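Peer 1: So in my numbering, the last one in the sequence shown is 184, and the numbering has no gaps at all.
The beta-carbon is built from N, C-alpha and C at its ideal position, and this holds for glycine as well.
Note that the structure is predicted; figures quoted are calculated from it, not measured.
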Amino acid sequence: MKKIEFDLNGPDAIKLSWLLSNGQVFMLTCSNAERSVNGIITACWVTPTSHNPLLLTASIGNGKEGTEAYRFCHSLINETKEFGLNIPTPELTEALFKIGTTHSNEVDKFAESGLTAIPGKKIGAQLIWECFMNIECRVFDQFVTGDHTVFVAKPIAAYMNSDVMTDGKFSDKYHDKKNQVQMCDLITMWDMW
Ligand SMILES: Cc1cc2nc3c(=O)[nH]c(=O)nc-3n(C[C@H](O)[C@H](O)[C@H](O)COP(=O)(O)O)c2cc1C
């Protein structure tokens, strides 16, 4: 066994960022203030960051249109200061790809991916029925880190499918990570390396 060194000044740098993500892949939903545009973005840079108050961060590209880090959802979250976090199962992998490679101002991602929109109780953005967890979040703070903006958000409502836990234990279906979508699976499945 030997150690392979990353060339952090070349194309390997982005590979390191994929490996540094905590693994779980999310579908983040958001809308404009009029609720006429419903955005969805595939996001893996989401992490809990505080117990009290309960806070999490989502890092979303803030590039201008036409650049690598352009995310239409950035403008939606920036406008409403809220978003939904939805945790998909592997059946939604194809949808994750479509959502992660198109822009919400050009495509109706709910229609395109055949996802069922359910209204948030406390936020204007829609949530995704097919995801086994849905968390409504309000942005608490935000700061720019290079070509991404870190949105610090407070979960204000959260729901989980009733088959995830049985008698306080994870059910067979959910007891390991196989029923979640992990970044390492996508790197292999999509030949990203
Ligand atoms: C597996 C995967 C993970 C991604 N994670 C993030 C992320 O954490 N933050 C981000 O800004 N973009 C991430 N992206 C890229 C966006 O999903 C992608 O640019 C998307 O097309 C933006 O959609 P929008 O223009 O509707 O916002 C990821 C894409 C994939 C495929």
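Give me the residue from Gly1, Asn170, Asp158 and Thr20 with the minimum Cα distance to Lys72.
Peer 2: Thr20
Peer 1: With 16 as the cutoff for other CB atoms within 10 Å, does Thr127 come out buried or exposed?
Peer 2: One point to set straight first is that residue 127 is Glu, not Thr, in the sequence displayed. Looking at its Cβ environment, which holds 16 or more other Cβ atoms inside 10 Å, Glu127 is buried.
Peer 1: According to DSSP, Arg129 sits in a beta bridge with which residue or residues?
Peer 2: Checking the DSSP bridge columns, you'll see Arg129 partnered with Glu73 and Lys145.
Peer 1: How far does the alpha helix (DSSP H) with Leu7 in it reach, from first residue to last?
Peer 2: Asp3 to Leu11
Peer 1: Can you confirm whether the segment 150 to 160 touches the segment 64 to 71 when touching is taken to mean that 3 or more C-beta pairs between the two stretches lie within less than 8 Å?
Peer 2: Because the criterion of three Cβ pairs below 8 Å is not met, the segment 64 to 71 and the segment 150 to 160 do not touch.
Peer 1: Is the beta carbon of Pro79 sitting closer than 7 Å to the one on Cys122?
Peer 2: yes
Peer 1: CB of Val141 to nearest heavy atom of ligand 1: below 6 Å?
Peer 2: no
Peer 1: Just to confirm, does Ser8 get its C-beta within under 6 Å of one of the non-hydrogen atoms of ligand 1?
Peer 2: no
Peer 1: Leaving out five residues before and five after Glu25 in sequence, what residues of the same chain have Cβ atoms less than 8 Å from its Cβ?
Peer 2: Contacts found: none.
Peer 1: CA-CA distance, Ala108 and Phe88?
Peer 2: Their Cα atoms are separated by approximately 18 Å.
Peer 1: Beta carbon of His42: closer than 6 Å to some heavy atom of ligand 1?
Peer 2: No - ligand 1 has no heavy atom lying nearer than 6 Å to the Cβ of His42.
Peer 1: For Ala116, does the three-state DSSP call read helix, strand or coil?
Peer 2: coil
Peer 1: Looking at the unbroken alpha helix (DSSP H) that takes in Leu87, where does it start and where does it end?
Peer 2: Thr84 to Ile90
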